[in-house]
Amino acid sequence: MLLNPATDNRFSLLVLCTGNSARSIMAEALFRQEAGGFFNVHSAGSQPTGRVNPYALEQISVLDVDFEPRSKSWAEFGGEVAGPLDFVITVCGNAAQEICPCFAGSPRHIHWGLPDPAAIEGADADKRRAFAECFTTLQSRIKQLTQQIKPALGAEDIYGLMQNLGDEE
23 MLLNPATDNR FSLLVLCTGN SARSIMAEAL FRQEAGGFFN VHSAGSQPTG RVNPYALEQI
83 SVLDVDFEPR SKSWAEFGGE VAGPLDFVIT VCGNAAQEIC PCFAGSPRHI HWGLPDPAAI
143 EGADADKRRA FAECFTTLQS RIKQLTQQIK PALGAEDIYG LMQNLGDEE
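Pasting the structure below:
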């Protein structure tokens with residue numbers, strides 16, 4: 023297990039998107055499965071929809087992870103009550119441009135821009151394909167990250183690795 027030298031715990035990570043119904047939910051599930059030993063991870067939205075997109079749930083269903091996806095507000099993670107955060111990853115351009123609440127711990131911000139699969143209109147097959155592509159991109163980035171993380175790395179090193187994996191929408 024990789025520990026944050028400042029706290030002797032896993033690094034804390036919050037994945038943000040506007041609606042917290044698709045991209046951020048899939049990222050949370052993937053981080054829990056692929057990098058749970060490194061990160062204590064959650065997701066949230068600036069304007070949560072209150073429900074998880076069923077196509078995102080389809081993608082998550084292939085994972086073997088203890089996870090109950092729930093669309094939630096970033097307010098749950100603001101201030102000192104929620105505890106300090108080490109990293110905040112935004113996965114949509116809207117969330118990246120918004121003024122975030124004050125998160126405890128002065129987290130490092132990373133942007134992993136991804137097209138919104140929930141914005142796809144048309145046939146179910148087109149929607150499923152968009153969600154699968156988003157899921158695969160997230161999975162690839164998270165696997166690359168975990169392959170590069172070493173126990174001696176600190177938060178700044180991990181921040182650099184995360185930044186290098188980011189893409190603009």
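Per my numbering, the very first residue in the sequence shown carries number 23; after that it's consecutive. Note that beta-carbon positions come from the ideal geometry of N, C-alpha and C, so glycine has one too. Owing to the predicted nature of the structure, the values given are computational and were not obtained by experimental measurement.
Assumed close pair residue i, residue j - CB separation to whole angstroms, cut-off 8 angstroms
i: R32; j: F53; result: At roughly 11 angstroms, the Cβ-Cβ gap does not stay under 8 angstroms, so R32 and F53 are not in contact.
i: H133; j: T158; result: Actually they are not in contact, since the Cβ atoms of H133 and T158 sit about 19 angstroms apart, beyond 8 angstroms.
i: W96; j: L38; result: 6 angstroms
Simplified DSSP state of residue i, which is helix, strand or coil
i: T159; result: helix
i: N186; result: helix
i: P27; result: Note that P27 has pLDDT 49, beneath the 50 cutoff, so the model's placement of it is unreliable and the number below is only indicative. If DSSP states are grouped into helix, strand and coil, P27 belongs with coil.
i: R130; result: strand
i: A154; result: helix
i: F61; result: strand
i: T71; result: coil
i: I142; result: coil
i: S43; result: coil
i: A66; result: strand
Option in the options with minimal Cα separation from residue i
i: E155; options: V37, T168, L36 and A49; result: A49
i: L226; options: A147, F125 and G58; result: Residue 226 cannot be examined here, being either before or after the span of the chain that is shown, 23 to 191.
i: G127; options: A145, L107, D146 and P137; result: L107
Cut-off 8 angstroms between Cβ atoms - residues of its own chain near residue i, not counting five sequence neighbours on either side
i: G41; result: G67, Q69, P70, T71, S93 and A140
i: P91; result: I47, E50, A51, V74, A78, L79 and I82
Own chain partners of residue i with C-beta closer than 6 angstroms, once the 5 adjacent residues on each side are dropped
i: A152; result: P139 and I142
i: A118; result: A caution first: A118 carries a pLDDT of 47, below 50, which makes its placement in the model too unreliable to give a value.
i: H131; result: V110
Residues near residue i in its chain [Cβ-Cβ closer than 7 angstroms; skip 5 each side]
i: R163; result: W134 and L187
i: P27; result: Below a pLDDT of 50, predicted positions are generally treated as unreliable, and P27, at 49, falls in that range; the measurement from the model is reported next regardless. Contacts found: G176.
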